[in-house]
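Counting in UniProt numbering, the final residue of the sequence shown is number 504, and the numbers go up one at a time with none missing. Single-structure report; data block below.
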Amino acid sequence: MSLALVHSRAQTGVQAPEVRVEVHIAGGLPAVSIVGLPDAAVKESRDRVRAALACSQLELPQRRITINLAPADVPKDGSRFDLPIALGILAASGQLPREALRDWEFHGELALTGELRPVEGALPAVLAAAQAGRQIILPLENRAEASLAQHSGARFARTLLEVCALLQTGRELPGPLPETAVAEVDASLPDLSDVRGQPQARRALEVAAAGGHNLLMIGPPGSGKSMLAQRLPTLLPSISDADALECAAIASLAGQRPDLANWRRPAFRAPHHTATAVALVGGGGAASLRPGEISLAHRGVLFLDELPEWERRTLEVLREPLESGRIVISRAARQAEFPARFQFVAAMNPCPCGWAGDPNGRCHCSREQVARYRARISGPLLDRIDIQIEVPRVPAADLRPEAPRGETSARVRARVEAARARQLQRAGMANAALPQARTDRDCALSPNDRLLLERAIDQLHLSARASQRILRVARTIADLAGTDAIGTAHLAEAIGYRRMEPAG
């Protein structure tokens with residue numbers, strides 16, 4: 001009778017809880033049983049491991065093998081446990097030294113030939129293993145994303161035999177890619193100078209970028225709403241290494257490989273309006289809850305085009321994460337929490353045909369049709385959008401090749417970074433994230449400006465939440481101007497961004 005212990009990791013949200021793979025070999029009829037709340041993919045490991053051992057010229061003991069994945073109350077899913085199960089069998093049967101397994105963790109799927117295939121959730125496992133003081137061995141194809149955690153001590157192998165050679169003889173395996181290989185470099189990204197005309201929309205985009213504010217653009221087809229939204233990430237400051245690692249870990253859980261050239265740049269997610277509520281917030285089976293679009297947009301931008309075309313029930317799921325910056329997905333047997341602190345940007349036409357308010361009078365929609373169209377967006381959701389602007393049709397003169405172009409993204413980003421630095425120095429966060437107590441302190445108004453705000457609240461029928469958001473936008477405008485106090489001009493501009501109420 002013999003027993004071996006191998007360390008691995010499960011997947012629960014963005015967490016990677018430790019799993020101890022206990023392999024026990026005893027007398028009896030040959031059989032392999034896996035216990036400890038495995039899903040179907042984990043149970044299939046028996047056949048993959050059997051074939052991988054045979055093809056690698058290693059022995060599968062013809063005895064009774066019991067594999068326990070502890071703790072039993074943590075669901076185990078996927079094929080990530082193939083490698084630790086195979087190593088546990090080899091150690092329990094004396095083909096590998098058990099002591100060599102003590103300081104390592106293992107994560108990987110086995111092909112029938114013994115090769116290692118990449119797995120999802122590699123980066124969270126690397127970070128958790130480093131925090132536990134152990135090194136981790138992963139498939140070589142996971143090397144790029146795992147290299148984002150530079151000092152983790154991760155190692156990468158192509159085959160099961162390479163892992164065995166490391167444990168038996170200490171043979172070296174490749175480590176993370178050099179830091180220069182994952183450094184941020186300039187890539188071919190869209191530039192704000194591509195947008196013709198639209199000075200007011202460009203200004204609103206700059207304000208939204210500087211303070212992290214949510215933005216709604218209303219205008220006819222072809223006015224440049226999508227172009228503006230796609231260029232918002234190029235105006236945002238690079239995110240910190242800690243936030244970038246968190247975002248890369250979320251992408252890893254979704255099976256997406258990070259863009260090493262731009263991994264510190266904010267993400268931009270633009271799902272189609274046919275996406276479901278589960279696609280937005282995340283979900284899946286009880287054993288494998290995956291992040292949705294709002295979590296993949298964490299620390300970046302979530303853009304929803306054709307906003308009234310989205311199902312209202314789908315849009316309503318955005319309300320809680322817009323306030324809390326996180327989403328909790330609950331199933332009968334499991335619960336997972338994902339971060340979802342994103343900047344919400346949306347675009348819509350002013351009416352069903354798209355031409356309401358156009359000077360040419362092309363719109364023939366009735367008042368009732370326009371009202372029904374705009375009422376598809378609920379008041380509570382609109383209340384959470386700080387800046388609501390009109391994006392009119394671009395004049396033909398602005399489309400000429402010789403027409404002057406606007407500022408580049410780099411020039412605008414310099415002003416945004418300076419304004420964001422003032423906010424971080426003052427409050428440690430972007431203005432859009434200020435709590436109410438901090439808003440009252442940092443966004444103080446003069447008596448006359450307070451009266452101006454109160455009149456605007458009464459005339460525009462704004463809620464208390466909307467008034468707080470006006471103050472935060474005014475604070476951002478003052479930061480862009482480099483002033484410590486909010487002036488009347490800053491407040492008036494912020495109020496102007498709330499005048500375009502789509503449900504009107």
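Beta carbons are placed, not taken as given, at the ideal position from N, Cα and C, and that holds for glycine. Computed from a predicted structure; not experimentally measured.
My output table needs one value for Gln131: the three-state DSSP class, helix, strand or coil.
In the three-state scheme derived from DSSP, where H, G and I count as helix and E and B as strand, Gln131 is classed as helix.
Among the residues of its own chain, which have a CB less than 8 Å from the CB of Arg415, if the five just before and after it don't count?
Correct list, in chain order: Glu206, Ala210, Leu480.
Where Asn142 and Leu87 are concerned, what is the direct C-alpha to C-alpha distance, given to the nearest angstrom?
Their backbone Cα atoms lie some 19 Å apart in a straight line.
Return the chain-ordered list of same chain residues with a C-beta closer than 6 Å to the C-beta of Leu215, the five sequence neighbours on each side being excluded.
The beta carbon of Leu215 sits closer than 6 Å to the beta carbons of Ala208, Val345, Ile387 from its chain, once the five residues preceding and following it are set aside; these are given in chain order.
Starting from the N-terminal side, write out each stretch of the alpha helix (DSSP H) that is 4 residues or longer and does not extend beyond the stretch 39-100.
If we require 4 residues or more, the alpha helix (DSSP H) runs fully inside the stretch 39-100 come out as 40-43, 45-55, 82-92.
Glu493: beta carbon under 8 Å from a heavy atom of the ligand MG?
No copy of the ligand MG appears in this structure; indeed no ligand is present at all.
Please state if the CB of Glu390 and the CB of Pro350 are separated by a distance shorter than 9 Å.
A contact, by the Cβ cut-off of 9 Å.
Would you report the Cα separation of Val317 and Gln256, rounded to the nearest angstrom?
C-alpha separation (whole angstroms): 24 Å.
Give the single residue among Val6, Lys43, Val74 whose Cα lies nearest to the Cα of Trp104.
The shortest Cα separation from Trp104 among Val6, Lys43, Val74 belongs to Val6.
Considering only the beta carbon of each residue, do Asp191 and Ser324 sit closer than 9 Å?
No, the pair does not count as a contact, with Cβ atoms beyond the cut-off.
Quick one: what's got a C-beta closer than 7 Å to Leu123's C-beta in the same chain, skipping five residues either side?
Around Leu123: Glu145, Ala146, Leu148, Ala149, Ala248, Ala249, Ser252.
From what residue to what residue does the alpha helix (DSSP H) around Ala208 run?
DSSP places Ala208 in the uninterrupted alpha helix (DSSP H) bounded by 199-211.
Going by the DSSP bridge assignment, what does Val126 pair with across the sheet?
In DSSP, Val126 forms no bridge with anything.
Pro30, buried or exposed, once every other Cβ within 10 Å from all chains shown has been counted against 16
Pro30 comes out exposed.
DSSP has Met217 in a bridge; who is on the other side?
Met217 is bridged to Ala347, Ile389.
Considering only residues of the same chain and omitting the five flanking positions on each side of Thr276, which have a CB-CB separation below 7 Å?
Around Thr276: Thr314.
How do the stretch 225-244 and the stretch 291-301 stand: do at least 3 beta-carbon pairs fall below 8 Å, yes or no?
A contact exists between the stretch 225-244 and the stretch 291-301.
Is the CB of Ala100 under 9 Å away from at least one CB in chain C?
No chain C appears in the structure shown, which is made up of a single protein chain.
Output needed for Arg376: all residues of its chain with C-beta closer than 7 Å, excluding positions within five of it in sequence on either side, in chain order.
For Arg376, where only same-chain residues beyond five positions count, the Cβ hits under 7 Å are Pro308, Arg312.
For a quick check, are the C-beta atoms of Gly78 and Gly121 less than 9 Å apart?
Going by C-beta atoms, Gly78 is nearer than 9 Å to Gly121.
Cβ-based burial, Gln131 [other Cβ within 10 Å; buried from 16]:
Under the 10 Å beta carbon count, Gln131 is surrounded by fewer than 16 other beta carbons and is classified as exposed.
Between His107, Gly292, Ile34, which has its C-alpha nearest Glu18's C-alpha?
Cα-wise, what sits closest to Glu18 is His107.
For Ala489, does the count of other Cβ atoms within 10 angstroms reach 16, so buried, or fall short, so exposed?
Counting Cβ neighbours within 10 Å, Ala489 comes out exposed, since fewer than 16 surround it.
Where DSSP assigns a beta bridge to Leu302, which residues make up the other side?
Leu302 is bridged to Arg269, Phe344.
Just grab the DSSP bridge partners of Trp310 for me.
Checking the DSSP bridge columns, you'll see Trp310 has no partner listed.
Quick one: Cα of Gly170 to Cα of Ser2, how far?
Looking at the two C-alpha atoms, the distance is approximately 24 Å.
Can the beta-carbon of Ala254 be found less than 9 Å from the beta-carbon of Arg290?
In this structure, Arg290 lies closer than 9 Å to Ala254 by Cβ.
With DSSP run on the structure shown, which of helix, strand or coil describes Ala297?
Coil at Ala297, not helix or strand.
Tell me the residue span of the alpha helix (DSSP H) that contains Arg167.
Correcting the residue type first, residue 167 is Leu in the shown sequence and not Arg. Start and end: 160-169.
Grab me the residues of Leu110's own chain with a C-beta within less than 7 Å of its C-beta, minus the 5 sequence neighbours each way, in chain order.
For Leu110, where only same-chain residues beyond five positions count, the Cβ hits under 7 Å are Arg48, Val49, Ala52, Asp82, Leu83, Ala86, Leu116, Leu160.
If I follow the unbroken beta strand (DSSP E) through Ile377, where does it start and stop?
That residue, Ile377, is in no beta strand (DSSP E); it is neither H nor E in DSSP.
With DSSP as the reference, identify every bridge partner of Leu110, one or two as the case may be.
Looking at the DSSP output, Leu110 sits in a beta bridge with Leu116.
Taking C-alpha atoms, which residue in Arg155, Leu491, Ala100 lies nearest to Ala125?
Of Arg155, Leu491, Ala100, the smallest CA-CA separation from Ala125 is found for Arg155.
Can you list, in chain order, the stretches of the alpha helix (DSSP H) that have 4 or more residues and sit fully within the stretch 428-472?
Correct list: 436-442, 447-460.
Beta-bridge pairing of Leu260 - partner residues as DSSP gives them:
Beta-bridge pairing links Leu260 to no other residue.
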